[in-house]
Amino acid sequence: DISTDFFRRLPKAELHLHLEGSIRPETAFELAQKNGVALLKPGQDLADLYDYDDLAKFLNAYTAIAGVVLSADDFHRVTYEMLEDCAVSGARHVEFFISPHAHDVSFDVQFRGIRRGMAEARDALGISCFMAPGINRELGPEAAEVYFDTCAQLGGDDMAGVGLDYFEAPYPPDPFAPLYDRARAAGYQVTAHAGEGGPAAYVAGAMDALGCRRIDHGYAVMDDPALVARCREAQILFTCCPSTTKYTTHWRDLTDPDHPIRKMKEAGLNVTINSDDPPFFFTTLAQEYEIAYRDMGFTLADIKASILQGIQGSWLSQDQRVALA
Ligand code: ES4
Ligand code: ZN
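In this note's numbering, each number is its position in the sequence shown, counted from 1, plus 18.
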């Protein structure tokens, strides 16, 4: 049988990863102590924090962990450690979301630390990386505009795009259309979480209203055969995350023959494998590939196709994508 090490060795791109959701539990614990943040309630241990069975409860844990990261050095550390973990899993290129609004810390401090972490990872690990602010859709479109502009001022070349995340239904993508228009006009790449907790119409909305050619998760697409055909023809890239579905959707069994990631692949959609919030979902990027192969019907040819589609759909330049493939 094929070992985890085999999947670790495959050179790949990670396109769907959240900085705050990548913080190692032991780092969270250390930073909480150092910063005097009460991460755990009396009588709670770390395992109690990593206990959730829906998107809302997961996001509460995510927010609690985000609260321990305070100084620029802290942001530097968690960024570098996240990229180091990606590199160990065989990632050569990483595009990750940040959630600046999840911290009670000035954006200036956050971006300084994150950008230093990225620079150090490029030097020390030999990987390339971009970040994109994830817009918490619960904030609403007006707050999102201000938020995006602040990020764009601080992000420089490291900020390649913009994303939309957090609790999905009943927050359709459409109200964010003016912001996405502005971001695309300014040269930013765009993606959005859709069809994880929301309906197929939100996947269509991310394409039609927001101009996305890349969709994070997208599982509900399988509820609409006409939309599946459209996404196949338009070669929309879906950044899927197997282990996430065990905690945030009703697809708890990854071996289920009706699991949407399996169905999306069988329907001929462009599906990449990603890790989302690895320690929160008790996984790594390499392990997600192993799960796709072992539990979701991906052949080695499917795995290779997914990796190549991920590289092609990344935000690297054409030359960089050719070099990586
Ligand atoms: C997320 Cl799994 C998931 N869904 C929506 N928003 C998120 N932010 C971090 N992980
Ligand atoms: Zn995500």
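We put the beta carbon where it would ideally sit given N, CA and C, even for glycine. Predicted model, so just to flag it, every value in this text is computed and none were measured.
First and last residue of the uninterrupted beta strand (DSSP E) at residue i
i              : result
serine 146     : 146–154
glycine 181    : 179–183
aspartate 234  : 232–235
isoleucine 291 : 288–291
alanine 212    : 210–212
isoleucine 20  : That residue, isoleucine 20, is in no beta strand (DSSP E); it is neither H nor E in DSSP.
Nearest-angstrom beta carbon gap, residue j and residue i [assumed within contact, 8 angstroms]
i                 : j              : result
phenylalanine 351 : glutamine 128  : Any property of residue 351 remains undetermined from this structure, which presents the chain solely from 19 to 343.
proline 191       : alanine 210    : 6 angstroms
valine 246        : glycine 213    : Actually they are not in contact, since the Cβ atoms of valine 246 and glycine 213 sit about 11 angstroms apart, beyond 8 angstroms.
leucine 342       : isoleucine 309 : Not really, about 23 angstroms apart at Cβ, beyond 8 angstroms.
histidine 111     : asparagine 292 : Rounded, the Cβ-Cβ distance is 12 angstroms, inconsistent with contact.
valine 180        : alanine 150    : 5 angstroms
glutamate 113     : alanine 178    : 7 angstroms
alanine 50        : valine 86      : 4 angstroms
The ligand ZN heavy atom lying under 8 angstroms from the CB of residue i
i             : result
glycine 39    : yes
cysteine 230  : no
aspartate 72  : no
cysteine 104  : no
threonine 262 : yes
cysteine 259  : yes
Residue i beta carbon near the ligand ES4 (any heavy atom closer than 8 angstroms)
i                 : result
phenylalanine 76  : yes
serine 117        : yes
phenylalanine 148 : no
tyrosine 220      : no
glycine 152       : yes
Exposure of residue i, with buried meaning 16 or more beta-carbon neighbours within 10 Å
i                 : result
arginine 270      : exposed
leucine 77        : buried
arginine 27       : exposed
glycine 39        : buried
leucine 64        : exposed
phenylalanine 166 : buried
glutamate 160     : exposed
histidine 268     : exposed
Beta-carbon contacts of residue i that lie in its chain and below 8 angstroms, excluding the five residues immediately before and after
i              : result
aspartate 19   : none
glycine 108    : Phe25, Arg26, Arg27, Leu28, Pro29, Lys30, Leu303 and Ala304
glycine 15     : Absent from the model: residue 15. The displayed extent of the chain is 19 to 343, so no value can be given.
methionine 136 : Thr97, Leu101, Cys147, Met149 and Asp176
Boundaries (first-last residue) of the alpha helix (DSSP H) holding residue i
i            : result
lysine 16    : Because the chain here runs from 19 to 343, residue 16 falls outside it and cannot be looked at.
leucine 143  : 125–143
leucine 28   : Looking at the DSSP string, leucine 28 is not in any alpha helix (DSSP H), and its letter there is neither H nor E.
leucine 197  : 195–203
arginine 250 : 243–252
valine 106   : 90–106
alanine 120  : Taken as a continuous stretch (DSSP letters only), alanine 120 belongs to no alpha helix (DSSP H), as it is neither H nor E.
Same chain, Cβ closer than 7 angstroms to residue i, five either side skipped, listed in chain order
i             : result
threonine 168 : Phe125
Residues near residue i in its chain [Cβ-Cβ closer than 6 angstroms; skip 5 each side]
i             : result
alanine 187   : Gly215 and Gly216
lysine 264    : Arg270
threonine 262 : Asp294 and Phe299
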